[in-house]
Amino acid sequence: MRNRLGSALKNALVSASVTPEKADRFLCELANVPDYDHTPDGPNARRGLDGAIHVEMPPRVCQAWNRVYNMFSDLLPKRGNPIHERPNTLNTETPGLAWQDPQEPEYVLIDDIPTKLRHAWRLPTDTSRRIFLICELAYYLRGPAMFDVATKAHDAQTLERSRAEKAGATAEEAWSLSFQRWSDVLRTETGGPAKTWLISDTDAFAQVLLRAIDIAPRMRDCPNHACPAPHFIATRKSQRYCSDACALPAQRESKRLWWNQHGHNYRGRGKKSSIGYHSR
2 MRNRLGSALK NALVSASVTP EKADRFLCEL ANVPDYDHTP DGPNARRGLD GAIHVEMPPR
62 VCQAWNRVYN MFSDLLPKRG NPIHERPNTL NTETPGLAWQ DPQEPEYVLI DDIPTKLRHA
122 WRLPTDTSRR IFLICELAYY LRGPAMFDVA TKAHDAQTLE RSRAEKAGAT AEEAWSLSFQ
182 RWSDVLRTET GGPAKTWLIS DTDAFAQVLL RAIDIAPRMR DCPNHACPAP HFIATRKSQR
242 YCSDACALPA QRESKRLWWN QHGHNYRGRG KKSSIGYHSR
């Protein structure tokens, strides 16, 4: 069954399957998955036995993802937007959190989520964070409908290639004909928003995004540069640091500076008090 966006959001809001506490922990874990260099000439690139360049995920990033999978596998996206819509390079101005390939529908690509959440975390105002997250939620929710369209186009492409090859077409001709068939079906099926913007019933990850919209004013970056997980959700409006441990160095520095500026007054008072006592 599919509903339009408004009723789907309403269903998610009244659902109790994802607690706010669990959603908050999940959001922080995702936002704190470390970024790394994906470039083929960067420090994580290795040449394989086949001669191709492979970019390896650093151990600390693997550990962070393993923690996410072990603790929150039930909240991760199970569907995504069709992978042909994904930009070649990650662009925070283009919506899209999860991607799915019609050729491998059981595999959902979620690498973009941490970067997108960090972008939301760092936006300058509460309103800008909420608008950004609302756009991502809307795009995520239309994913299943668009994936069904992409699957139809993929199936039509496969059939066309098979037909062309049986008719004696060369591999290049068969590919060209099948690609044209894929494009035609995709264009026809996406011709009206009534088809492509129908959305599936909300899932657990959609509820997490709703929670993110709700707590957007409390998204903070810990000022402690040594903090291993700087993206956190504040429990009070005035909170700056994620924990007492991260706040301690700043508190000590503040006290040191204050003492350097005002300590002589207290030292002077101590001497006067001592001299006065002995003079009696």
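Reading the sequence shown from the start, the letters are residues 2 to 281 in this note's numbering.
From the three backbone atoms N, C-alpha and C, an ideal C-beta is built for every residue, glycine too.
Keep in mind that this is a model prediction, so the values were computed, not measured.
Straight-line spacing of the CA atoms in D149 and V19 works out to 27 Å.
Here A99 is near G81, since their CB atoms are less than 8 Å apart. As computed with DSSP, I234 is found in a beta bridge with M220. Given a length threshold of 4 residues, each whole run of the alpha helix (DSSP H) inside the region 83-164 is given here in chain order: 113-123 and 127-142. By the CB criterion at 8 Å, A157 and R182 fall inside the cutoff. Closest by C-alpha distance to S239, out of R219, S179, S184 and P229, is R219. Under DSSP, the beta-bridge partners assigned to H55 are R47. Segment contact: the region 72-79 against the region 202-210, three or more CB-CB distances shorter than 8 Å; contact assigned. Counting other Cβ atoms within 10 Å of its Cβ, L210 reaches 16 or more and is therefore classed as buried. In its chain, beyond the 5 residues on either side, R162, A165 and E166 have a beta carbon closer than 6 Å to the beta carbon of A175. Distance check between M58 and each of D38, G193 and I135 places D38 closest, using alpha-carbon atoms only. Contact check for P41 and V56: beta-carbon distance about 7 Å, within the 8 Å limit, so the pair qualifies.
Contact between A230 and R221 is ruled out by a C-beta separation of about 12 Å, above the 8 Å threshold.
Taking the CA atoms as reference points, A32 sits about 20 Å from D245.
Contact between R212 and P21 holds, with the beta-carbon distance rounding to 6 Å and staying under 8 Å.
L160 and S184 have their C-alpha atoms some 14 Å from each other.
Per DSSP, reduced to three states, the secondary structure at R26 is helical. Residue burial annotation: L50 is exposed, with fewer than 16 other C-beta atoms found within 10 angstroms of its C-beta. Closest in alpha carbon position to L118, among A46, Y108 and E94, is E94. K196 sits in a helix when the DSSP states are folded into three classes.
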